[in-house]
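Chemist: In the numbering used here, the protein residues as written are 4 to 426.
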Ligand SMILES: [Zn+2]
């Protein structure tokens with residue numbers, strides 16, 4: 004009986020969601036390119052271009068972001084009614100750069116992109132940023148009237164799209180676009196083998212293996228003028244399709260691109276929710292930012308781990324559970340604030356984390372002993388800090404170089420996110 008009632012409620016909710024989508028949106032995407040500028044203290048947004056994409060890949064039911072992760076958030080309001088009709092939170096390279104010494108002193112300017120469903124009517128966009136207590140603050144408002152504003156058609160390219168894994172219509176599935184970087188026209192065979200490897204690395208790891216029927220994976224065969232990946236420390240500099248480079252923000256193994264518009268232009272012909280950049284290099288490296296994109300070195304011996312770890316950041320908002328590394332971030336998590344990542348805690352608000360997964364006899368903090376190896380607990384050390392930040396399991400793919408070893412908390416957070424995209 005209870006189950007029937009629940010089913011009816013869920014059906015009602017779904018119908019409401021679908022009708023909300025068609026009331027407010029066309030089945031298209033509005034790509035908003037803007038400049039995000041400033042430093043540790045100040046922050047500015049300036050609109051760059053509005054670009055129309057002919058399909059919407061995101062959910063048509065779950066239009067409001069319920070996770071409360073990320074550093075930034077875009078809120079879209081229907082101006083006639085004042086109703087919130089869409090929201091999405093994310094992080095970006097600007098958020099990381101502004102915490103560095105350079106970002107504390109000078110002013111940076113980063114191109115960023117958000118994809119939102121294409122509004123039928125006049126809407127107000129509110130760009131929000133977290134303050135030092137992790138509360139959302141409005142930073143910029145924009146009125147968008149697509150009947151009056153200048154809307155560009157996307158730049159065309161001839162990059163072939165390979166359906167690596169297809170399970171159904173994009174708006175009902177999690178769509179992952181894997182785009183190649185650093186592969187020349189003579190390396191297409193290698194690129195296709197690497198696409199297959201990445202496809203398997205994702206689909207064979209838990210919990211993605213149990214959700215294969217909810218996922219589409221697309222390989223975007225972007226062709227680079229030169230082979231390999233730029234590595235400033237080695238003074239190796241190549242022109243590649245989306246411009247990835249090691250040593251991003253002065254961290255040698257941090258492999259990202261600052262060519263945001265080039266990246267999104269290269270993805271014109273694919274409907275996607277998440278972006279993975281597959282880098283043609285053997286050198287250890289990668290990076291992943293929540294709802295932004297992630298990268299991994301395809302030729303490295305632990306590429307399977309790299310892709311699962313970095314995709315954990317980009318897709319499920321997972322934090323790093325390690326705390327001994329060369330990452331040059333001090334006091335990354337203030338101990339008086341609960342971090343937004345689902346798999347680390349300062350115990351400021353542990354109720355909102357994995358407390359409901361603990362056995363009632365498990366002590367807080369939990370000693371990292373051999374007998375607790377398979378026990379969900381509260382282990383001190385995580386988020387680059389050995390004291391005051393806690394992780395849920397002694398070991399995990401988010402802590403050590405281990406493929407297919409997400410801890411139960413990371414698995415649960417990943418499952419929540421898969422469900423969000425596929426309902
Ligand atoms: Zn974990």
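All C-beta atoms, glycine included, are put in the ideal place defined by N, C-alpha and C.
All values reported here derive from a predicted model rather than from experimental measurement.
What residues are listed by DSSP as bridge partners for residue 50?
Modeler: According to DSSP, residue 50 shares a beta bridge with 37.
Chemist: At a cut-off of 7 Å, is residue 117 close to ligand 1 when judged by its beta-carbon and the heavy atoms of the ligand?
Modeler: no
Chemist: Could you check whether the Cβ of residue 324 sits closer than 7 Å to any heavy atom belonging to ligand 1?
Modeler: yes
Chemist: Could you tell me which uninterrupted alpha helix (DSSP H) segments, each at least 4 residues in length, are contained entirely in the stretch 224-296, listed from first to last along the chain?
Modeler: 263-269
Chemist: Residue 117 bridges to which residues according to DSSP?
Modeler: 35
Chemist: Name the residue from 269, 59, 78 whose alpha carbon lies nearest to the alpha carbon of residue 459.
Modeler: Absent from the structure is residue 459, since the part of the chain shown begins at 4 and ends at 426.
Chemist: Could you give the first and the last residue of the continuous beta strand (DSSP E) run that contains residue 163?
Modeler: 163-168
Chemist: So what does DSSP say about residue 88, is it helix, strand or coil?
Modeler: strand
Chemist: Is it buried or exposed for residue 309, if we count other Cβ within 10 angstroms and need 16 for buried?
Modeler: Counting Cβ neighbours within 10 Å, residue 309 comes out buried, since at least 16 surround it.
Chemist: Alpha carbon to alpha carbon, what distance is there between residue 254 and residue 331?
Modeler: For residue 331, the predicted structure reports a pLDDT of 45, less than 50, and the residue's modelled location is therefore unreliable. A value from the coordinates is still provided. So the alpha carbons of these two residues sit roughly 8 Å apart.
Chemist: Give every residue of the same chain whose Cβ lies closer than 8 Å to the Cβ of residue 199, excluding the five residues on either side of it in the sequence, and list them in chain order.
Modeler: Counting only Cβ-Cβ distances below 8 Å, and skipping sequence neighbours, we find 167.
Chemist: Should residue 228 go down as buried or exposed, given a rule of 16 or more other Cβ atoms within 10 Å for buried?
Modeler: exposed
Chemist: Is it true that the CB of residue 246 sits closer than 8 Å to the CB of residue 323?
Modeler: Not closer than 8 Å, so no.
Chemist: Is it right to say residue 235 is buried, meaning 16 or more other beta carbons lie within 10 angstroms of its own, or is it exposed?
Modeler: exposed
Chemist: Roughly how far, in whole angstroms, is the beta-carbon of residue 283 from the beta-carbon of residue 231, given that I think they are within contact range, below 8 Å?
Modeler: 6 Å
Chemist: Any chance the CB of residue 410 is under 7 Å from a heavy atom of ligand 1?
Modeler: yes
Chemist: For the stretch 156-226, which segments carrying the alpha helix (DSSP H) assignment without a break, of at least 4 residues, lie completely within its bounds, in sequence order?
Modeler: Counting only runs of 4 or more, we get 191-206.
Chemist: Just the Cα atoms here: how many angstroms apart are residue 319 and residue 424?
Modeler: Taking the straight line joining both Cα atoms gives about 11 Å.
Chemist: As a quick exercise: from 367, 172, 373, pick the residue whose alpha carbon is nearest that of residue 382.
Modeler: 367
Chemist: Is the Cβ-Cβ distance between residue 150 and residue 55 less than 8 Å?
Modeler: no
Chemist: Check whether the Cβ of residue 297 lies closer than 7 Å to any heavy atom of ligand 1, and answer yes or no.
Modeler: no
Chemist: Using 8 Å as the Cβ pair cut-off and three pairs as the minimum, do the stretch 392-401 and the stretch 39-54 touch?
Modeler: no
Chemist: According to DSSP, is residue 129 helix, strand or coil?
Modeler: strand
Chemist: From this set, 203, 202, 183, 204, which residue's C-alpha is nearest residue 194's C-alpha?
Modeler: 183
Chemist: CB of residue 407 to nearest heavy atom of ligand 1: below 7 Å?
Modeler: no
Chemist: For residue 257, which option in 394, 286, 378 has the closest C-alpha, if you only look at C-alpha atoms?
Modeler: 286
Chemist: Return yes when at least one heavy atom of ligand 1 lies under 7 Å from the C-beta of residue 275, else no.
Modeler: no
Chemist: Could you name the residues of the same chain whose beta carbon sits closer than 6 Å to that of residue 117, not counting the 5 residues immediately before and after it, in chain order?
Modeler: 35, 77
Chemist: Nearest to residue 278 by CA position, among 265, 264, 298, is which residue?
Modeler: 298
Chemist: Between the stretch 123-141 and the stretch 79-86, are three or more C-beta pairs nearer than 8 Å?
Modeler: When Cβ pairs closer than 8 Å are counted between the two stretches, the stretch 123-141 is seen to touch the stretch 79-86, the count reaching three or more.
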